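Chemist:
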Amino acid sequence: MTHQIELSAVNKYYGAYHALKDIDLSIRKGSFVALVGPSGCGKSTLLRSLAGLETISSGDLVIAGKRMNGVPPRKRDLAMVFQSYALYPHMTVEQNLTYSLKINGVRKAERQRAAADVAAITGLSNLLHRYPRELSGGQRQRVAMSRAIIRNPQAFLFDEPLSNLDAALRVHMRKEIRALHDRLGATSVYVTHDQVEAMTMADHVVVMRNGIIEQQGKPLDLYDRPANRFVAGFIGSPAMNFIPARSTPDGRALVLDIADPQTVDLGCPLPAGRALIVGIRPEHLTLAAADAVGFKVDVATVETTGAATFITTATTPEIVIALNGRSVVTAGETIRLTFAASNVHLFDAETEQSLK
Amino acid sequence: MKRVFSSVTDGRGFDLVLVGVPFTFLLALAGLPLLYNILMSFQEVDMFSLASVIRPFVGFKNYVDLFTEPETISILKNTVIFVVGSIAGQFLVGFSLALFFWINFPGASWLRGLFLVSWVMPGLVVGAIWNWILSGDFGVLNFLLQQTGLVGGNIFWRSDPNFSLWAVILANIWLGTSFNMILLATGLAAIPADLYEAAEMDGANAWQRFWTITLPMMRSTIGAIIALGLIFTLQQFDLFAAITDGGPNNSSNVAQYWAWDLSFRQYDFGKGATISVIMTVFVMFAATVYVRSTRHEVRG
Chain E
1 MTHQIELSAV NKYYGAYHAL KDIDLSIRKG SFVALVGPSG CGKSTLLRSL AGLETISSGD
61 LVIAGKRMNG VPPRKRDLAM VFQSYALYPH MTVEQNLTYS LKINGVRKAE RQRAAADVAA
121 ITGLSNLLHR YPRELSGGQR QRVAMSRAII RNPQAFLFDE PLSNLDAALR VHMRKEIRAL
181 HDRLGATSVY VTHDQVEAMT MADHVVVMRN GIIEQQGKPL DLYDRPANRF VAGFIGSPAM
241 NFIPARSTPD GRALVLDIAD PQTVDLGCPL PAGRALIVGI RPEHLTLAAA DAVGFKVDVA
301 TVETTGAATF ITTATTPEIV IALNGRSVVT AGETIRLTFA ASNVHLFDAE TEQSLK
Chain F
1001 MKRVFSSVTD GRGFDLVLVG VPFTFLLALA GLPLLYNILM SFQEVDMFSL ASVIRPFVGF
1061 KNYVDLFTEP ETISILKNTV IFVVGSIAGQ FLVGFSLALF FWINFPGASW LRGLFLVSWV
1121 MPGLVVGAIW NWILSGDFGV LNFLLQQTGL VGGNIFWRSD PNFSLWAVIL ANIWLGTSFN
1181 MILLATGLAA IPADLYEAAE MDGANAWQRF WTITLPMMRS TIGAIIALGL IFTLQQFDLF
1241 AAITDGGPNN SSNVAQYWAW DLSFRQYDFG KGATISVIMT VFVMFAATVY VRSTRHEVRG
């Protein structure tokens, strides 16, 4: 048994609204899977369907080898960390942690020992007798995590657990959750709208839009080989530049459709005479020497963070260039840009699917 | 004059005016009558000394006399039965209805609002309606009880000493249920839905969720509703006037009705005031419970 969770042809309807469309997904035991996508893409619905808080309309849902379609949440042996944490406000931290054990009839002494063990892992040992209202946001988050850990479930489900924390704490908790996952060797399914979270935490990223899985794979595979324009634009920050273009009839060069159309010779064969979208990441664009292969653009703004400089062009569509360190380029200047042919992504203008 | 005017324009002293106006109002219309009532309970008051404030001081004589009267114990017992029976009935039916409407079927909130009709009706009207329902010869309650085979003969609800108090309790439960239901429904609606989802994931079935989430989260609401119930039932007067008049033979008489009866029918103002003072102590207690339970609301 290598697959902990398997979904095949799962559909979910809310009335006439088709929330999940033919979802096929296999989650390996012990892996960390991130479901990522814009709001309304169905990622939360998918997670809640795994949990049993929503019932799927058709398809098969198998958890640890058992078909779970109509099984109520309490019999699925999954633990969930909610976006709001959903701590029981009338219970102390210890009671929150041991609620599931109490429900299952575990003796008090044993419950307390389990709570102490988990609290030691998550750093809550001196907070066990506090109430949730007496805790900070980060501490509540830890309680929510601990409440899941104490159950030793088939899998952990996370529903945007970091979205209520401030930026610094979020980065910290990101590492902590991943470290916990590795330590417990548990299967985790993590929903987020933040692609950085998905990229940094997960072994396997599932990008969703409008109820379908657009692409899934290892984080860097999605970055290097996006299957379509949506995934290309969603993964990576700052986002990939998209420039409408047309390949020349001989298929040797690209005509970029910016300001005044410019021809760039990629030095490799292209599908001849076709409308395309050229995708190129900001970090893959560099300033070109005056005589090198490239294209001319006017600079609109230059922003620098010290470690990096972001140049935005005055073209339509605008192009963002991310340069390491500092740059002498100023607003209003005309610069020449170049890129390596291997870093170019080509998408069909009509279907927006990758041509590589 | 100038100082008074500037105290309004610069705001200084204006806060005292804002506090002073309602405070004076409360003192004049609630505080003084209350104090006057306490004073009367220690005096000998009759028709001729009614107009004066200074009257013969008799110490605790009114209190001692009251407890030597033969009907006192039975009336106090009736009061306890009335209060406990009414609150229990109103709470249980109200909570059941609140839980029922919580299922949120189509039209639930509309129907729930309609239930308030019983609460906005004047007590005397409710009493009149229940007089018809409870009527021994042709009342619909007797008809239902006999048709379902629960009783063999007619029960004369209002004139049988065994049932007269329960006749008023029945009407009072009907009157107060919807108020209980609305407050409890508000309390239920304030419980975040994700707590139930978390409990469900943690393995709790519906019954366990009710006992471990719903009830504890409702604690402050339940405390408040019971304290308010105590206050409202001790104020209930109209139903006694309309249904049984405290009779027959004091079998449905309660403290608040007896206080009125002593003061304004038997003109024994001292004893009437004495009962009022005793009741005030109980209501104060209920008010303290109410204030404390609303202050100790559980917040996430």
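So the sequences go chain by chain: E and F. Note that my numbering has the first sequence beginning at 1, numbered continuously upward. Note that my numbering has the second sequence beginning at 1001, numbered continuously upward. We put the CB at the ideal spot given by N, CA and C, even for glycine. It should be emphasised that the depicted structure is a prediction, and the values quoted were computed from it without experimental measurement.
On the three-state DSSP scale, how would you describe residue 1292 of chain F?
Modeler: helix
Chemist: Taking just the CA atoms, how far does residue 286 of chain E sit from residue 304 of chain E?
Modeler: 16 Å
Chemist: By Cβ distance below 8 Å, which residues in the same chain neighbour residue 1246 of chain F in space, the five residues on each side in sequence not counted?
Modeler: Answer for residue 1246 of chain F: 1240, 1252, 1253, 1254, 1257, 1258, 1261, listed in chain order.
Chemist: Is it the case that the segment 1116–1134 of chain F contacts the segment 1165–1176 of chain F, given that we only count it when at least three CB pairs across the two stretches are under 8 Å?
Modeler: yes
Chemist: Identify the residues that DSSP records as bridge partners of residue 244 of chain E: which are they?
Modeler: E:277
Chemist: Enumerate in chain order the residues of its own chain whose CB-to-CB distance from residue 313 of chain E is below 7 Å, with the five nearest sequence positions on each side excluded.
Modeler: 297, 298, 299, 300, 319
Chemist: Are the Cβ atoms of residue 151 of chain E and residue 79 of chain E separated by less than 7 Å?
Modeler: yes
Chemist: Using alpha carbons as the reference points, say which of E:33, E:38, E:76, E:37 lies closest to residue 54 of chain E.
Modeler: Residue E:76 is the option with its Cα nearest to residue 54 of chain E.
Chemist: Roughly how many whole angstroms lie between the Cα atoms of residue 1081 of chain F and residue 1270 of chain F?
Modeler: 26 Å
Chemist: If residue 101 of chain E sits next to residue 113 of chain E, beta carbons under 8 Å apart, how far is it from one beta carbon to the other, in whole angstroms?
Modeler: Going by Cβ atoms, the distance from residue 101 of chain E to residue 113 of chain E rounds to 10 Å, so no, they are not a contact pair.
Chemist: Can you list, in chain order, the residues of its chain whose CB lies under 8 Å from that of residue 1058 of chain F, leaving out five sequence neighbours each side?
Modeler: If we look at residue 1058 of chain F and ignore the five residues flanking it on each side, its Cβ neighbours are 1042, 1043, 1044, 1270.
Chemist: What is the DSSP secondary structure of residue 59 of chain E, reduced to helix, strand or coil?
Modeler: strand
Chemist: Name the chain E residues that come within less than 7 Å of residue 1216 of chain F, Cβ to Cβ?
Modeler: 90
Chemist: Which runs of the alpha helix (DSSP H) fall wholly inside the segment 1232–1289 of chain F and span at least 4 residues, in chain order?
Modeler: 1238–1243, 1255–1264
Chemist: Thinking C-alpha only, which one of E:140, E:154, E:153 is nearest residue 161 of chain E?
Modeler: E:140
Chemist: For chain E, check one thing: does any of its Cβ atoms lie closer than 7 Å to the Cβ of residue 1190 of chain F?
Modeler: No, because no Cβ of chain E sits closer than 7 Å to the Cβ of residue 1190 of chain F.
Chemist: Beta-carbon of residue 84 of chain E versus every beta-carbon of chain F: anything under 7 Å?
Modeler: Residue-level contact check: residue 84 of chain E touches chain F, since one or more beta carbons of chain F fall below 7 Å from its beta carbon.
Chemist: Is residue 3 of chain E helix, strand or coil when you go by DSSP?
Modeler: strand
Chemist: Please report the straight-line C-alpha distance between residue 1149 of chain F and residue 1140 of chain F, rounded to a whole angstrom.
Modeler: 14 Å
Chemist: Going by DSSP, what residue range makes up the beta strand (DSSP E) through residue 300 of chain E?
Modeler: Note, residue 300 of chain E: beta strand (DSSP E), 295–304.
Chemist: Whole angstroms is fine: what's the gap from residue 351 of chain E's alpha carbon to residue 279 of chain E's?
Modeler: 14 Å
Chemist: Is residue 217 of chain E helix, strand or coil by DSSP?
Modeler: strand
Chemist: To which residues does DSSP link residue 265 of chain E through a beta bridge?
Modeler: DSSP output for residue 265 of chain E lists E:253 as bridge partner(s).
Chemist: For the segment 115–133 of chain E against the segment 157–175 of chain E, do three or more pairs of beta-carbon atoms, one drawn from each stretch, fall closer than 8 Å, so that the two count as touching?
Modeler: no
Chemist: When you compare the CB of residue 1299 of chain F with every CB in chain E, is at least one pair closer than 7 Å?
Modeler: Because residue 1299 of chain F carries a pLDDT of 47, less than 50, the predicted location of this residue cannot be relied on, and no value is offered for it.
Chemist: Take every Cβ of the segment 186–196 of chain E, pair it with every Cβ of the segment 30–40 of chain E, and state whether three or more of those distances are shorter than 8 Å.
Modeler: yes
Chemist: Using DSSP's beta-bridge definition, name the partner residues of residue 188 of chain E.
Modeler: E:32, E:156
Chemist: Taking the alpha carbon of residue 183 of chain E as the point to measure from, which residue in E:30, E:355, E:25, E:342 has its own alpha carbon closest?
Modeler: Closest option to residue 183 of chain E, Cα to Cα, is E:30.
Chemist: From the DSSP output, which residues share a beta bridge with residue 287 of chain E?
Modeler: E:337
Chemist: Does any C-beta atom of chain F lie closer than 7 Å to the C-beta of residue 104 of chain E?
Modeler: Yes, residue 104 of chain E counts as interfacial toward chain F.
Chemist: Leaving out five residues before and five after residue 13 of chain E in sequence, what residues of the same chain have Cβ atoms less than 8 Å from its Cβ?
Modeler: 19, 57
Chemist: Mind the definition here: the segment 329–337 of chain E touches the segment 195–214 of chain E only if three or more C-beta pairs lie below 8 Å; say whether that holds.
Modeler: no
Chemist: Could you compute how far the alpha carbon of residue 94 of chain E sits from the alpha carbon of residue 115 of chain E?
Modeler: 6 Å
Chemist: Less than 8 Å between the CB atoms is what I'm expecting for residue 179 of chain E and residue 267 of chain E, so what's the real figure, rounded?
Modeler: At roughly 45 Å, the Cβ-Cβ gap does not stay under 8 Å, so residue 179 of chain E and residue 267 of chain E are not in contact.
Chemist: Please classify residue 1299 of chain F as buried or exposed, where buried requires at least 16 neighbouring CB atoms within 10 angstroms.
Modeler: Any reading at residue 1299 of chain F must be qualified, since the residue scores a pLDDT of 47, below 50, and its modelled position is unreliable; the value itself is stated next. Exposed, since its Cβ has fewer than 16 Cβ neighbours within 10 Å.
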